[in-house]
Amino acid sequence: MKIKQAFFIIICLFYNNETSPISLINLKSNYTISPSNKINILQDSLKAKLDIIQNGIDENEKLLANQEFISILRRTLELKISFDFTFDSLNTISILKSPDNYFKIYNWFIENDDNTYRFYAMIQFKNTKKDLIFLNDNSDDILNVEQAELSSDSWYGCLYYNIIKNKEKKSYTIIGWDGNNEFSTKK
1006 MKIKQAFFII
1016 ICLFYNNETS
1026 PISLINLKSN
1036 YTISPSNKIN
1046 ILQDSLKAKL
1056 DIIQNGIDEN
1066 EKLLANQEFI
1076 SILRRTLELK
1086 ISFDFTFDSL
1096 NTISILKSPD
1106 NYFKIYNWFI
1116 ENDDNTYRFY
1126 AMIQFKNTKK
1136 DLIFLNDNSD
1146 DILNVEQAEL
1156 SSDSWYGCLY
1166 YNIIKNKEKK
1176 SYTIIGWDGN
1186 NEFSTKK
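Counting in our numbering, the sequence shown tops out at residue 1192, every number present.
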């Protein structure tokens, strides 16, 4: 019986063209995986996608890997233990926690074929009842950015490297870098 089950899993992997650890989690539903093991497996999958995002052959390959990365990251951040998990092997993205431990930002970029950058971010709140917020970089379409009121769908993308909490009220200043193009960068 176990041989038939193992053979079935292998066949499903080939037919679905999925060989990542995520596929094994989905197919082995009758086996229990601890939350800490599951998050480590997901982290390995995220790391593999990040490698393609950073070193892919062309922009299309990077964008495809990025869509898969976003999907895996969303599933990972839905785990209760994820807010306190360090994700120490994801060293090519910025992961910042607010000084008051209220939220965490996962932030990364793709270098386009024309040497410009497209940024992505996901915000996770410590209170798991709040939804994850995905930030969509629309910096090319934003006019008068200094006075613009922006939302998660029209975010001026950058790579964040510092969060400063306002002492008097619950607001934050978040400092970031924008690669701009091959000739200049912005802070």
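We put the beta carbon where it would ideally sit given N, CA and C, even for glycine.
Problem set entry | Integer-rounded CB distance, given that Asp1063 should sit under 8 Å from Asp1118 | The beta-carbon separation of Asp1118 and Asp1063, rounded to 6 Å, stays under the 8 Å limit for a contact.
Problem set entry | Option nearest Gln1072 by Cα separation, candidates Phe1139, Asp1146, Lys1175 and Asp1145 | Phe1139
Problem set entry | Local conformation of Ala1126 per DSSP, three classes | Taken through DSSP and simplified to helix, strand or coil, Ala1126 comes out as strand.
Exercise. When DSSP labels each residue in this structure, what does Asn1112 get in the three-state scheme?
Worked result: DSSP places Asn1112 in strand when its eight states are reduced to three.
Exercise. Roughly how far, in whole angstroms, is the beta-carbon of Gln1059 from the beta-carbon of Thr1121, given that I think they are within contact range, below 8 Å?
Worked result: Not quite, the Cβ-Cβ distance comes to about 15 Å (not below 8 Å), so this is no contact.
For this session: Report the three-state DSSP secondary structure of Asp1183 (helix, strand or coil).
Result: strand
Exercise. Would you call the segment 1125 to 1135 and the segment 1103 to 1117 touching, i.e. three or more CB-CB distances under 8 Å?
Worked result: yes
For this session: Could you tell me the distance, in whole angstroms, from the CA atom of Gly1162 to the CA atom of Asn1042?
Result: 33 Å
Problem set entry | Separation of Gln1048 from Leu1055, as counted between CA atoms | 10 Å
Problem set entry | Assumed close pair Ser1103, Lys1174 - CB separation to whole angstroms, cut-off 8 Å | Contact flag wrong, Cβ pair sits at about 14 Å.
For this session: Give the C-beta separation of Ala1078 and Leu1101 to the nearest angstrom, bearing in mind that I take them to be a contact with Cβ-Cβ under 8 Å.
Result: Per the sequence shown, residue 1078 should be read as Leu rather than Ala. That belief does not hold up - the Cβ atoms of Leu1078 and Leu1101 are roughly 15 Å apart, past 8 Å.
Exercise. Which residues bound the alpha helix (DSSP H) around Ile1057?
Worked result: In the DSSP assignment, Ile1057 falls within the unbroken alpha helix (DSSP H) covering Pro1040 to Asn1060.
For this session: Would you decide whether Thr1178 is buried or exposed? Buried here means 16 or more other CB atoms lie within 10 Å of its CB.
Result: exposed
Problem set entry | Asn1167 versus Leu1082 - alpha carbon distance | 21 Å
Exercise. With a CB to CB cut of under 6 Å and the five nearest residues on each side skipped, what residues in its chain are close to Ile1027?
Worked result: Residue confidence is low: Ile1027 scores 49 on pLDDT, short of 50, so the model does not pin down where it sits. Its coordinate-derived value is still stated next. Cβ neighbours of Ile1027 beyond the five flanking positions: Ser1050.
For this session: Could you say which of Ile1044, Asn1065, Leu1068 and Ile1057 lies nearest to Asp1089 if we only look at CA atoms?
Result: Ile1044
For this session: List the endpoints of the continuous alpha helix (DSSP H) containing Leu1069.
Result: Glu1064 to Leu1082
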